[in-house]
Every structure is written in structure tokens, then in C-alpha cells.
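Student:
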Amino acid sequence: MENKGALTKVLSIAGTVLVWLPILAPILFGAISFIADGVFRFDYLMPAELFFLVIIGGGLLLWAAVRSHLRWKLFGWTLAIAAALFFGMQALAEVTGLADGSTPMGGWQWMLVLGTLVLYIVTVIAIDIGGVLLLRDLFKPGQKSTVVH
Numbered sequence: 016m017e018n019k020g021a022l023t024k025v026l027s028i029a030g031t032v033l034v035w036l037p038i039l040a041p042i043l044f045g046a047i048s049f050i051a052d053g054v055f056r057f058d059y060l061m062p063a064e065l066f067f068l069v070i071i072g073g074g075l076l077l078w079a080a081v082r083s084h085l086r087w088k089l090f091g092w093t094l095a096i097a098a099a100l101f102f103g104m105q106a107l108a109e110v111t112g113l114a115d116g117s118t119p120m121g122g123w124q125w126m127l128v129l130g131t132l133v134l135y136i137v138t139v140i141a142i143d144i145g146g147v148l149l150l151r152d153l154f155k156p157g158q159k160s161t162v163v164h
């Protein structure tokens, strides 16, 4: 039976907020920088730097999805893919010499690592969209709640 109680809803809200932060933070900080200094700065590495938020928020979303029996495969797979891409990106940077500076930025090595970063960001956005869809499903009007009044 689906569990759409208060705990499940709180888990899904908290998870969705945490997973959106790595995507929205660089945009917000870039806008603030543009307004304050007139220079647009965009930290495209921030979603990877805030990987811990993706894992924590994604874990909360997975927990809520398992409790509600909704979209749990989506969160399981996208979290696994995001983690594999994150650690794979770091391994590629080490193996190609980009991490220690022995290989200069540019060339196929740089494009390979950046391509992995782009795939990671797309996967995080998929988790974000899944979080919004889970919230929609949990808060759908006309659904009976399992909360005892």
C-alpha cells in the first residue's frame, strides 16, 4: 500500500530542495555577481563540488519513493548513474593528468572530462525533475492520506 503520510512528504520536499541547490546555486551566484559587479561569472563546476547535497537529497528522495512506492526505480538508477559519473570524472581527470596539471587544459582529455561533467549535470537535473514529479504525485488532490487525525 502506498504511504503518502507526513514523513514521506517531508522527505520528498527536503530531498528535492537539496538536489536542486547544486543546479540553482551557480545561476543565483552568477546573477548576484552580474548585478553587483556588472560581470557575469558562472561556476560550472559547482554542481560537482556540491555532490554531497545530491547524494543526501537523492537519498531522501529514494527513501520517500520507496515509502510511497512511486518512482523508486527512477531515483535508484539516476543516483547510481550520477555517482558513477562523478567518480568516473575524477578518475578520468587523474588518469589523463588534468588533475595534477601534467596535461594542460584543452585537447581530447579536457573534452572527455567536461563531457562527463555535462552528463553528470544532466543526470542531476533528471533527479531534480523526478523530485518535482514525486512531489506532484504525493500532493495530488483527492488522494487519501494515511495520516491519522
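Read in order, the letters of the sequence shown correspond to residues 16 to 164 in this note's numbering.
Think of the CB as a built atom: it goes at the ideal place given N, C-alpha and C, for glycine as much as any other residue.
Under a three-way DSSP split, which group does G121 fall into?
Tutor: G121: coil per DSSP, three-state reduction.
Student: According to DSSP, is V162 helix, strand or coil?
Tutor: Summary for V162: the model assigns pLDDT 43, below 50, so the residue's position carries little reliability; its value from the coordinates is reported in the next sentence. If DSSP states are grouped into helix, strand and coil, V162 belongs with coil.
Student: Run through DSSP, which three-state label would A80 get?
Tutor: In the structure shown, A80 sits in a helix (DSSP, three-state: H, G or I).
Student: Tell me the start and end of each unbroken alpha helix (DSSP H) in the segment 34–89 that is at least 4 residues and wholly inside, in chain order.
Tutor: 61–64 and 66–83
Student: Under three-state DSSP, which class holds D115?
Tutor: coil
Student: In whole angstroms, what separates the C-alpha of L107 from that of Y135?
Tutor: Between L107 and Y135, the C-alpha separation is close to 13 Å.
Student: Classify F154 as helix, strand or coil using the three-state DSSP reduction.
Tutor: In the three-state DSSP reduction, F154 falls in the coil class, being neither helix nor strand.
Student: Excluding five sequence neighbours on each side, which residues of the same chain lie with their C-beta closer than 7 Å to the C-beta of L77?
Tutor: W87, F90, G91 and L94
Student: Within 10 Å of its beta-carbon, does R151 have 16 or more other beta-carbons around it, so buried, or fewer, so exposed?
Tutor: exposed
Student: So, for I105: in the same chain, excluding its five sequence neighbours on each side, which residues have a beta-carbon less than 8 Å away from its beta-carbon?
Tutor: For the sequence presented, residue 105 should be read as Gln rather than Ile. Cβ within range, chain order: A114.
Student: Assign H164 to buried or exposed, taking buried as 16 or more other Cβ atoms, counted over all protein chains shown, within 10 Å of its Cβ.
Tutor: Residue placement at H164 is poorly supported in this model, since its pLDDT is 39, which falls under 50; the coordinates still yield a value, given next. Flag for H164 reads exposed.
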